[in-house]
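Trainee: Encoded as structure tokens, here's the structure I'll be asking about.
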Ligand code: SF4
Ligand code: SF4
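Numbering (our numbering), first residue to last: 2 to 224.
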């Protein structure tokens, strides 16, 4: 189980600046259980967005957003609504946002932060990884996690050591920042690379004592 929490409303609204029409995507798996992106939260978000004058071109809640084949097949009949939107607001954990951004050629905004649970198990095996850093950066990196895709977990661009698209430290691996550059280019978002991401507050990775006291924590961390 991956625990996620909705980002502050002002932060989400900031991501949507300059956009008029949004498609809302929720997850009926962990995000529903976390109370961050299930049907109820998607309906609430629709109301809030419409309340500030945004158009919601469509909403959908899919069982597991971290399952790319499922995302593609469930979204297929709704592609007209997706195409009509400027972006997709994805209400789930970092794995789900990455999987959606890899499945649909559209700008995807993360609506949630993934809460550190001391290393959770993913629901579906996929290429995407999330360190549960507690402060999701996917907004700035085209939906590719810089902490897991880059071998050095760099948050402000490539180290310059890549060769033919491969990482200098792990030549069998694609350079995460080259992937981010290509994704941002595809999305017409290369301006995101001009934004400096301040040093990460790693204390957000320290699980909150309240989280440690939950049955979920005990379950995730039992042998
Ligand atoms: S930035 Fe990466 S590690 Fe942090 S929550 Fe997002 S996907 Fe997970
Ligand atoms: S070559 Fe790319 S993936 Fe490897 S450490 Fe440098 S920026 Fe990160």
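Heads up, the beta-carbon is just placed ideally off N, CA and C, and yes, glycines get one too.
Since this is a predicted model, take the numbers as computed values, not measurements.
Return helix, strand or coil for residue 170, following the three-state DSSP convention.
Mentor: Three-state result, residue 170: coil.
Trainee: Looking at the secondary structure, which residues open and close the beta strand (DSSP E) in which residue 56 lies?
Mentor: Element bounds for residue 56: 56-63.
Trainee: Would the segment 99-106 and the segment 62-74 be scored as touching if the rule is three or more Cβ pairs under 8 Å?
Mentor: As far as the Cβ criterion goes, the segment 99-106 touches the segment 62-74, which means the pair count is three or higher.
Trainee: Would you list the one or two residues that DSSP bridges to residue 200?
Mentor: In the DSSP output, where bridge partners are listed per residue, residue 200 has none listed.
Trainee: What would DSSP say about residue 87, mapped onto helix, strand or coil?
Mentor: Coil.
Trainee: Using a threshold of 8 Å, state whether the C-beta atoms of residue 115 and residue 5 are closer than that.
Mentor: Against a cut-off of 8 Å, the Cβ pair of residue 5 and residue 115 comes out as a contact.
Trainee: How about the segment 78-87 and the segment 31-48: do they share at least three Cβ pairs that are nearer than 8 Å?
Mentor: No, because fewer than three Cβ pairs between the segment 78-87 and the segment 31-48 fall closer than 8 Å, the two stretches do not touch.
Trainee: Below 7 Å, is the gap between the Cβ of residue 185 and the nearest heavy atom of ligand 1?
Mentor: No, Cβ of residue 185 sits at least 7 Å from all heavy atoms of ligand 1.
Trainee: Over the uninterrupted beta strand (DSSP E) stretch that includes residue 111, give me the two end residues.
Mentor: From DSSP, the beta strand (DSSP E) with residue 111 extends over 109-111.
Trainee: Assuming contact is defined by CB atoms lying nearer than 8 Å, are residue 167 and residue 160 in contact in what I supplied?
Mentor: Their beta carbons are not under 8 Å apart, which means residue 167 does not touch residue 160 by this criterion.
Trainee: So what does residue 6 bridge to, in DSSP terms?
Mentor: Answer by DSSP bridge pairing, in chain order: 114.
Trainee: Please confirm whether any heavy atom of ligand 1 lies closer than 7 Å to the CB of residue 151.
Mentor: No, the Cβ of residue 151 stays beyond 7 Å of every heavy atom of ligand 1.
Trainee: Hey, is the segment 143-160 in contact with the segment 13-32, meaning 3+ C-beta pairs nearer than 8 Å?
Mentor: Touching, no.
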